[in-house]
Structures are given as structure tokens and as C-alpha cells.
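Take a look at the structure set out below.
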Amino acid sequence: HLECVTWFQIMENSVHTNVVRIVRYMT
Numbered sequence: 008h009l010e011c012v013t014w015f016q017i018m019e020n021s022v023h024t025n026v027v028r029i030v031r032y033m034t
């Protein structure tokens, strides 16, 4: 169960980083 939560946090963090990069690139 803990591994699932950690994996989800890693994925969410990765997606957030990609969104920030895209937003900075667009501006």
C-alpha cells in the first residue's frame, strides 16, 4: 500500500514538473 502511494506521489510530481516546464516555455 505504501509503495502505491509513493508511486502516485512520484507520478504526480513528474506531471507537475512537466506542466511547469510547458507553462514557462509558453510564456
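Mapped onto our numbering, the consecutive letters of the sequence shown carry residue numbers 8 to 34. Ideal placement from N, C-alpha and C gives every residue a C-beta, glycine not left out. These numbers were taken from a predicted model, which means no experiment stands behind them.
A direct Cα-to-Cα measurement between VAL12 and MET18 gives close to 10 Å. Rounded to whole angstroms, the gap between the alpha carbons of ARG31 and THR24 is 11 Å. Per DSSP, reduced to three states, the secondary structure at THR34 is coil, with no helix or strand assignment.
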